[in-house]
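Heads up: the structure comes next, in structure tokens.
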Amino acid sequence: MERSEGYFQTPDGDSIWFEAAGSGPPLVLAHGLGGNGLVWFQQLPHFAGRFRVITWDQRGFGRSSNLAGQAGPRTSVTDQLALLDHLGVENAHFIGQSLGGWVVLGVALAAPDRVRSLVLSSSTGGIPQLRLPAFDTGPVRADHGVRPLGVHPAVGDRLPAADRARAYLYQALSTFGRRPSDAEFATMLASFTHQPDLFEHFDIPTLFICGSRDPVMTPAHVRDAASRIGAARVVELDLSHSTYFEDPATWNAVVDEFLANVSTP
């Protein structure tokens, strides 16, 4: 399997880490607020047999610097397009988890000719007129069971019970390297929205994946966002916020089916 990794420099002096593996149509994975490029370890080998899978650490996350102090989804859109240029990628399929959904939808609006399809996983993508509940960071959430101390809330309560080691692994990955505070990014997300009128003629194939037990981006929020994109599909899984991590086999299969229907030979 072809594989490469490294850094590219942004015009304002930051270093952005990326990894590319496999061959075929490019498939870009954008992580969420609780992660970095490493969280896709259950997806990269699965899709790399048919796609050139590109993962990266957004500015201020993991191995990517934030010397310019510009970390945020708006800057990540610019960085994502710069990464495509750096790798010589003309267009790609894009997947965004949570915060990553803001980024990939921003890329689609800024440069639609470079986007073959979109998957927004546990994300509204910044489509407004939504009032999201606060992210729960405590060890217990009454309506979603008891979560062991030290387990990230984004994996819900079922994964720790079924596979505690993998639940703790998510926590370890989420704290690897750099990471902005939740408060910093909450402010950035609130200021970076995509108005509904931008989607009147939006024809990029789009799939939303949501978790029925997600306390962050609830199915109601995700379906409301999806309704603003005429051809968007919604798949709801009986999972929490990190569907791709909690049940990678099911999540990968859903994405496989979608990509098979939108990919050209």
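For the sequence shown, position 186 matches number 186 in full-length UniProt numbering, and the numbering has no gaps at all. Idealized CB from N, CA, C, for every residue including glycine. Just so it is clear, the structure is predicted and the values come from calculations on it, not from any experiment.
| Which stretch, first to last residue, makes up the alpha helix (DSSP H) that contains Gly100? | Locating residue 100 in the sequence shown gives position 100, where the first residue counts as 1. Its alpha helix (DSSP H) spans residues Leu99 to Ala110.
Q) Taking His246 as the reference, which of Glu200, Glu257 and Gln171 has the closest Cα? A) Taking the first residue of the sequence shown as position 1, residue 246 is located at position 246. Note on identity: in this sequence residue 246 is Glu, with His being the wrong assignment. When Glu200, Glu257 and Gln171 are compared, the shortest CA-CA separation from Glu246 is found for Gln171.
Exercise for review: Report yes if the C-beta distance between Gly88 and Phe192 is below 7 Å; otherwise report no.
Suggested key: Working through the sequence shown from its first residue, we reach residue 88 at position 88. Working through the sequence shown from its first residue, we reach residue 192 at position 192. Not a contact, by the Cβ cut-off of 7 Å.
### Task
With a threshold of 16 other CB atoms inside 10 Å of the CB of Gln58, please say whether the residue is buried or exposed.
Taking the sequence shown and counting its residues from 1, one reaches residue 58 at position 58. Per the 10 Å Cβ criterion, buried.
If you count every other CB in all the chains shown that lies within 10 Å of the CB of Gln43, and 16 or more means buried, which is it? Along the sequence shown, one-based indexing puts residue 43 at 43. Classification of Gln43: buried, given that the 10 Å Cβ count is 16 or more.
Practice prompt. Please confirm if the stretch 207-219 is in contact with the stretch 235-243, defined as three or more CB-CB distances below 8 Å between the two stretches.
Written response: Contact between the stretch 207-219 and the stretch 235-243 is present, with at least three C-beta pairs closer than 8 Å.
Report task. Count the other CB atoms, across all protein chains shown, that sit within 10 Å of the CB of Met1; report buried if there are 16 or more and exposed otherwise. Result -> Mapped onto the sequence shown, residue 1 falls at position 1. Classification for Met1: exposed.
Return the residue from the list Gly230, Gly13, Leu120 and Gly177 that minimises the CA-CA distance to Trp251. Numbered from its first residue, the sequence shown carries residue 251 at position 251. Ranking Gly230, Gly13, Leu120 and Gly177 by Cα distance to Trp251 puts Leu120 first.
Among Ala225, Tyr7, Asp12 and Arg52, which residue has its Cα nearest to the Cα of Asn91? The residue given as residue 91 occupies position 91 in the sequence shown. When only C-alpha atoms are compared, the closest one is Arg52.
* How should Asp238 be labelled, buried or exposed, when 16 other C-beta atoms within 10 angstroms of its C-beta is the threshold for buried? -> As a working note, residue 238 is residue 238 in the sequence shown. Asp238 should be labelled exposed.
Report yes if the CB atom of Glu236 is closer than 7 Å to the CB atom of Pro219, and no otherwise. The residue labelled residue 236 in the question sits at position 236 within the sequence shown. The residue labelled residue 219 in the question sits at position 219 within the sequence shown. Yes, Cβ-Cβ distance for Glu236 and Pro219 is below 7 Å.
Practice problem: Would you mind listing the beta strand (DSSP E) stretches within the stretch 167-218 that are 3+ residues and don't spill past its ends, in chain order? | Solution: Runs found: 206-211.
### Message
Using the Cβ count rule (16 or more neighbours within 10 Å means buried), how would you classify Gly22?
### Response
Here residue 22 refers to the residue found at position 22 of the sequence shown. Label assigned to Gly22: buried.
Buried or exposed for Gly13, going by 16 or more other Cβ atoms inside 10 Å? Locating residue 13 in the sequence shown gives position 13, where the first residue counts as 1. Answer is exposed; the Cβ neighbour count stays below 16.
Would you mind working out which of Thr55, Leu67 and Gly106 sits nearest Ser76, comparing C-alpha positions? Position 76 of the sequence shown, counting from 1, holds the residue named residue 76. With distances taken between CA atoms, Ser76 lies nearest to Gly106 out of Thr55, Leu67 and Gly106.
query: Residues in its own chain within less than 6 Å of Phe258 by CB, not counting five upstream and five downstream?
result: By one-based count along the sequence shown, residue 258 stands at place 258. Result list for Phe258: Leu207, in chain order.
Problem set entry | Residue nearest to Leu81 in terms of C-alpha spacing, selected from Ala71, Ala110 and Ala165 | On the sequence shown, residue 81 is found 81 positions in, with the first residue counted as 1. For the residues Ala71, Ala110 and Ala165, the minimum Cα distance to Leu81 belongs to Ala110.
Query raised in the report: Which residues in the same chain have their Cβ closer than 6 Å to the Cβ of Phe202, if we skip the five residues on either side of it in sequence?
Result: Looking up residue 202 in the sequence shown gives position 202. Taken in chain order, the residues that qualify are Ile229.
*Secondary structure at Gly37, three-state DSSP: helix, strand or coil?*
Translated into positions along the sequence shown, residue 37 becomes position 37. In the three-state scheme derived from DSSP, where H, G and I count as helix and E and B as strand, Gly37 is classed as helix.
Through-space distance from Gln9 to Gly96, alpha-carbon basis = Along the sequence shown, read from residue 1 onward, the residue named residue 96 stands at position 96. Along the sequence shown, read from residue 1 onward, the residue named residue 9 stands at position 9. Approximately 22 Å, taken between the alpha carbons.
task = Using a threshold of 7 Å, state whether the C-beta atoms of Phe41 and Leu83 are closer than that.
result = As a first step, residue 41 must be located in the sequence shown, where it is residue number 41. As a first step, residue 83 must be located in the sequence shown, where it is residue number 83. No; because the gap between Cβ atoms is not below 7 Å, this pair is not in contact.
Among residues of its own chain, excluding the 5 on either side of Val39, which ones have a beta-carbon nearer than 6 Å to its beta-carbon? As a working mapping, residue 39 is identified with position 39 in the sequence shown. So the qualifying residues of the chain are His31 and Leu173.
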